[in-house]
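**Student:** Okay, handing you the structure first.
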RNA sequence: UGGGCCGUCGCCAAGUGGUAAGGCACCGGAUUUUGAUUCCGGCAUUCCUAGGUUCGAUCCCUAGCGGCCCAGCCA
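Structure below.
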């Protein structure tokens with residue numbers, strides 16, 4: 017990807033520092049290999065974007081590679097549909113996965129034989145307690161656990177049982193393979209954690225070949241080692257799993273299955289954003305209970321939603337650079353992400369004219385059949401992008417908010433007897449207006465000063481502060497525009513509001529912004545109707561809009577508002 | 001509560017025993033035919049608190065305080 021603008025030097029953060037140190041000491045001979053390992057049980061969200069840019073970005077920076085790996089060890093939750101969707105999102109962000117695409121399920125055979133090796137080394141045993149018994153004997157945060165009565169089974173018996181587990185002789189839950197570590201460990205993850213469970217379920221890739229499946233803690237570190245990952249980056253909640261990660265790998269290395277150095281797990285803080293939720297559970301709930309229109313609803317913090325909203329890969333890249341990487345819990349304001357999208361879109365979205373709330377303006381001294389050719393630059397900072405002709409005629413559409421009968425102090429748009437410039441056209445003077453019985457303005461009248469046409473000599477001699485956009489009523493195209501706002505009305509959905517009674521428990525759904533979606537009928541420059549779906553434009557003085565990826569067509573143009581322009585006046 | 005991690009400007013975030021980078025936001029001012037963009041300037045005597053060590057501490061020590069994570073046969 018190229019990021020011509022705002023391309024600061026890569027921010028320094030502790031992981032990059034560590035990689036540099038490893039390179040300096042030649043720990044890996046200069047090799048840098050990372051991985052992005054989602055479970056294919058849902059769609060990717062904004063948080064994943066942070067991880068994707070970190071993993072793929074860091075690898076690229078050091079001429080290394082980043083593996084795309086699907087952590088598919090739980091057949092009851094995973095589906096091919098998610099694999100496809102995730103791949104699509106990663107590609108959309110700009111990364112190629114074709115040369116390094118992996119599935120944990122492809123390692124089932126090795127994972128299994130290493131597990132036998134663990135048993136043979138006396139490091140694992142088959143437990144025949146049920147789930148409740150295991151929970152009861154695990155202890156608590158303050159109390160140590162107690163050994164399983166099956167913990168001292170012989171290696172032979174463990175091996176026999178494990179093989180029969182694999183052969184399908186037992187029902188789900190009848191037995192489980194556990195690591196033999198320490199039931200008294202202050203780190204609960206080390207109290208003989210599960211390695212393999214019985215699951216008679218169809219796997220989306222391995223089919224019915226297996227009825228035992230490895231647990232994350234075991235499968236992940238082994239997969240990393242198998243792929244020669246050097247730096248295994250994950251979020252903070254896995255910090256207390258790191259001793260386990262190392263425990264498995266050390267024992268497998270001792271048994272001769274891996275050579276040292278062993279891959280290293282490094283944790284960083286996950287993304288937290290205001291005015292949204294990023295937990296998979298809550299996202300699923302939003303979709304399933306129809307609080308949004310699916311995973312690709314433009315208000316969703318999913319990458320599919322972002323794309324439909326008009327957010328850009330380059331904007332996400334800018335965002336991840338801006339927020340940095342660290343281990344401290346952070347809460348990033350949604351406005352930071354929105355600003356990044358503005359910055360990116362400002363750079364490369366062509367400008368167009370749209371009147372979102374049309375009000376008729378009649379130029380009384382322009383002949384009915386007259387067409388005045390005006391020219392608007394496609395990008396004010398990029399003359400090389402050229403200009404386009406916009407016809408000016410007697411009857412125009414202007415923005416309703418650009419005329420006020422009794423304007424407040426500081427307002428410098430159109431008012432009775434006031435002057436304003438029709439952008440790229442002439443200066444006009446308001447000569448009157450009509451109102452209906454409700455007092456609503458229905459039409460504004462004005463006269464053109466023909467000596468002031470934009471671009472002509474002398475047009476600069478007269479300055480007016482107001483500058484409004486317009487569209488020829490005879491040429492404009494009707495369209496639908498969807499105005500999206502933040503999905504939640506409060507910065508921390510589900511958190512207590514000040515003044516809440518102590519016993520009140522809030523649900524994040526209670527904080528949904530009821531006005532996060534509005535649809536309106538607007539007038540567009542005709543070229544906007546012909547634009548391809550997913551094309552982004554700046555509608556001058558309004559914001560950035562994208563032609564809807566699903567619903568937009570030349571016959572029925574549909575644009576989504578990505579983000580508004582910054583607006584110092586409305587404050 | 002046992003264990004682990006974290007606490008530097010409104011939000012992020014570097015930094016190191018030698019006297020607080022940077023970004024975003026914000027506030028001024030300039031340019032501007034988008035109240036946009038761009039540009040210029042301003043913006044932590046202070047690093048959770050209190051002691052201590054030191055010529056010197058955000059950094060080292062001690063004791064507190066605050067936050068996050070862990071008790072799935074989920075990842």
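In the numbering used here, the protein residues as written are 17 to 587. Here a beta-carbon is modelled for each residue, glycine too, at the ideal position from N, C-alpha and C. Here the structure is a predicted model, which means the values were calculated and not measured.
Return the chain-ordered list of same chain residues with a C-beta closer than 8 Å to the C-beta of residue 146, the five sequence neighbours on each side being excluded.
**Tutor:** Excluding sequence neighbours, residue 146 sits near 189.
**Student:** How big is the Cα-Cα spacing for residue 466 and residue 103?
**Tutor:** Looking at the two C-alpha atoms, the distance is approximately 57 Å.
**Student:** Report, in whole angstroms, the separation of the C-beta atoms of residue 61 and residue 319, which I expect to be a contact under 8 Å.
**Tutor:** 7 Å
**Student:** Starting from the C-beta of residue 22, find all residues in its chain whose C-beta is less than 7 Å away, skip the five residues before and the five after it, and write them out in chain order.
**Tutor:** For residue 22, the predicted model reports a pLDDT of 40, less than 50, meaning its position is unreliable; a value from the coordinates is still stated below. The residues are 334 and 359.
**Student:** Apart from the five residues on each side of it in sequence, which residues of its chain come closer than 7 Å, Cβ to Cβ, to residue 633?
**Tutor:** Past the edges of the chain, shown from 17 to 587, lies residue 633, and the structure says nothing about it.
**Student:** Sort out for me which residues DSSP pairs residue 318 with in a bridge.
**Tutor:** 61
**Student:** Do residue 411 and residue 379 have their CB atoms nearer than 9 Å?
**Tutor:** yes
**Student:** So which of 398, 424, 370 and 545 has the shortest CA-CA distance to residue 558?
**Tutor:** 370
**Student:** According to DSSP, is residue 450 helix, strand or coil?
**Tutor:** In the structure shown, residue 450 sits in a strand (DSSP, three-state: E or B).
**Student:** Answer yes if the region 209-219 comes into contact with the region 231-238, meaning at least three C-beta pairs across the two stretches below 8 Å, and no otherwise.
**Tutor:** Verdict: yes, contact present.
**Student:** From what residue to what residue does the beta strand (DSSP E) around residue 329 run?
**Tutor:** Segment 329-339 is the alpha helix (DSSP H) holding residue 329; no beta strand (DSSP E) there.
**Student:** Pull up the distance between the alpha-carbon of residue 184 and that of residue 123, whole angstroms please.
**Tutor:** The alpha-carbon atoms of residue 184 and residue 123 are separated by roughly 19 Å.
**Student:** May I have the straight-line CA-CA distance separating residue 67 from residue 276, to the nearest angstrom?
**Tutor:** Looking at the two C-alpha atoms, the distance is approximately 26 Å.
**Student:** Residue 591: buried (16+ other C-beta within 10 angstroms of its C-beta) or exposed?
**Tutor:** Lying before the first or after the last residue shown, residue 591 is absent from the chain, which here runs from 17 to 587.
**Student:** For residue 550, which option in 536, 531, 577 and 470 has the closest C-alpha, if you only look at C-alpha atoms?
**Tutor:** Comparing alpha carbon positions, the residue from 536, 531, 577 and 470 closest to residue 550 is 577.
**Student:** Find out if the Cβ-Cβ distance for the pair residue 47, residue 243 is shorter than 9 Å.
**Tutor:** A distance of 9 Å or more separates the beta carbons of residue 47 and residue 243.
**Student:** Could you give the C-beta distance for residue 75 and residue 36, rounded to a whole number, given that I count them as a contact under 8 Å?
**Tutor:** At roughly 14 Å, the Cβ-Cβ gap does not stay under 8 Å, so residue 75 and residue 36 are not in contact.
**Student:** May I have the straight-line CA-CA distance separating residue 56 from residue 304, to the nearest angstrom?
**Tutor:** 18 Å
**Student:** Given that a residue counts as buried once 16 or more other Cβ atoms are within 10 Å of its Cβ, and exposed if not, what is residue 392?
**Tutor:** buried
**Student:** DSSP puts residue 248 in a beta bridge; with which residues?
**Tutor:** 281
**Student:** What would DSSP say about residue 411, mapped onto helix, strand or coil?
**Tutor:** strand
**Student:** Excluding five sequence neighbours on each side, which residues of the same chain lie with their C-beta closer than 8 Å to the C-beta of residue 403?
**Tutor:** 391, 392, 393 and 394, listed in sequence order.
**Student:** Between residue 306 and residue 300, what straight-line distance do the alpha-carbon atoms span, to the nearest angstrom?
**Tutor:** 10 Å
**Student:** Quick check: the Cα distance between residue 100 and residue 352, rounded to an integer number of angstroms?
**Tutor:** Each residue's Cα considered, the two are about 30 Å apart.
**Student:** Distance check for residue 167 and residue 19, CA to CA, integer angstroms please.
**Tutor:** Bear in mind that the predicted position of residue 19 carries a pLDDT of just 33, short of 50, making it too unreliable to give a figure here.
**Student:** Which of the three DSSP states, helix, strand or coil, is assigned to residue 69?
**Tutor:** Here residue 69 sits in helix by DSSP.
**Student:** With residue 120 and residue 87 assumed to form a contact (beta carbons below 8 Å), what rounded beta-carbon distance in angstroms separates them?
**Tutor:** 5 Å
**Student:** Going by beta carbon distance, what residues of the same chain come within less than 8 Å of residue 82, once the five residues before and after it are set aside?
**Tutor:** The beta carbon of residue 82 sits closer than 8 Å to the beta carbons of 49, 50, 51, 52, 71, 72, 74, 75, 76, 111 and 116 from its chain, once the five residues preceding and following it are set aside; these are given in chain order.
**Student:** Which runs of the beta strand (DSSP E), 3 residues or longer, sit entirely within the region 326-403?
**Tutor:** 366-368, 374-379 and 388-393
**Student:** Which term fits residue 171, buried or exposed, when burial requires 16 or more other beta carbons within 10 angstroms of its beta carbon?
**Tutor:** exposed
**Student:** Mind the definition here: the region 261-279 touches the region 127-141 only if three or more C-beta pairs lie below 8 Å; say whether that holds.
**Tutor:** A contact exists between the region 261-279 and the region 127-141.
**Student:** Measuring only the C-alpha atoms, how far is residue 98 from residue 481?
**Tutor:** Cα to Cα, the separation comes out at about 53 Å.
**Student:** Using a Cβ distance threshold of 8 Å, determine whether the region 326-340 contacts the region 451-464, with at least three qualifying pairs required.
**Tutor:** no
**Student:** Would you kindly work out how many angstroms separate the C-alpha atoms of residue 444 and residue 58, rounded to a whole number?
**Tutor:** 56 Å
**Student:** With distances taken Cα to Cα, identify the nearest neighbour of residue 528 among 507, 279 and 537.
**Tutor:** 507
**Student:** For the structure I just gave you, are there three or more beta carbon pairs, one from the region 417-434 and one from the region 487-502, closer than 8 Å?
**Tutor:** no
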